[in-house]
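The working numbering puts the sequence shown at residues 439 to 611.
We put the beta carbon where it would ideally sit given N, CA and C, even for glycine.
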Amino acid sequence: MERPSTKENPAFLEYVYQLNAGHELTEALKLSISAINELDLDQLNRVGFKTYEKGKWTIHKILQHLIDWERIWCFRAIIFAREEGTIPDAHDQEIMGKNSNADEIPIEQLVNELRVVRQSTILLFESFNSKILETSCRFFEYEMPLFAIGLTITAHQIHHFNIIKKRYLPLDI
């Protein structure tokens with residue numbers, strides 16, 4: 439699918455497309471499952487609750503954040519795909535992170551949940567035909583095609599996995 443230009447928030451979408459390295463949605467989703475499966479759970483457990491800077495989330499909270507936002511993005515995709523007519527509200531990730539109990543959940547469980555949620559996301563996007571995938575989705579601040587919601591999910595994972603790799607894994611001492 440051709441990348442549309444959007445005037446409302448081109449930097450956001452360009453970052454999404456950049457992180458997905460030109461992959462189409464189906465391929466990006468498959469690659470994202472592979473990345474989840476390649477996580478070194480022993481290493482993540484050794485890092486544990488360490489953070490690279492005071493006030494930053496633990497890996498547990500990052501994983502919960504990915505799970506929560508994937509569910510939110512999928513809800514939004516359904517709203518647009520079914521032409522329900524509602525413009526989804528904005529949500530505050532800091533409030534959600536603060537109120538999660540992610541640090542009480544084992545890494546293995548969080549990674550498994552992320553994998554299962556991603557598998558569900560893949561099935562959701564596979565159920566959409568090309569007309570639905572091209573649907574214009576108008577949010578509170580920007581507009582983008584529905585297929586870009588799926589690419590946003592994979593880009594979000596890539597973004598946070600990069601942070602884990604660069605800033606958290608060096609804490610495995």
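**OP:** Can you have a look at E542 and say buried or exposed, based on whether 16 or more other CB atoms are within 10 angstroms of its CB?
**Re:** Start at 1 with the first residue of the sequence shown, and residue 542 comes out as number 104. Under this definition E542 is an exposed residue.
**OP:** Take the Cβ of R556 as the centre, count every other Cβ of all protein chains shown within 10 Å, and call the residue buried at 16 or more, exposed below.
**Re:** Position 118 of the sequence shown, counted from the start, is the residue given in the question as residue 556. Classification of R556: buried, given that the 10 Å Cβ count is 16 or more.
Original post:
Cβ of S574 within 7 Å of Cβ of E564?
Top reply: In the sequence shown, the residue the question calls residue 574 occupies position 136. In the sequence shown, the residue the question calls residue 564 occupies position 126. Not a contact, by the Cβ cut-off of 7 Å.
Subject >> Backbone CA spacing between Q531 and R520 [nearest angstrom] >> reply: On the sequence shown, residue 531 is found 93 positions in, with the first residue counted as 1. On the sequence shown, residue 520 is found 82 positions in, with the first residue counted as 1. One C-alpha to the other measures close to 26 Å.
Original post:
Under the DSSP definition of a beta bridge, which residues are partnered with P608?
Top reply: As a first step, residue 608 must be located in the sequence shown, where it is residue number 170. The partner list for P608 (beta bridge, DSSP) is empty, contrary to what the question assumes.
Subject >> Host alpha helix (DSSP H) of E532 (start-end) >> reply: Residue mapping note: residue 532 aligns to position 94 of the sequence shown, counting from 1. Its alpha helix (DSSP H) spans residues Q531 to K536.
**OP:** From the DSSP output, in three-state form, read off R520 for me.
**Re:** Along the sequence shown, read from residue 1 onward, the residue named residue 520 stands at position 82. Here R520 carries a coil assignment [DSSP, helix/strand/coil].
Subject >> Beta-carbon proximity list for K499, same chain, < 7 Å, skipping 5 on both sides >> reply: Along the sequence shown, one-based indexing puts residue 499 at 61. The residues are G535, S538, A540 and D541.
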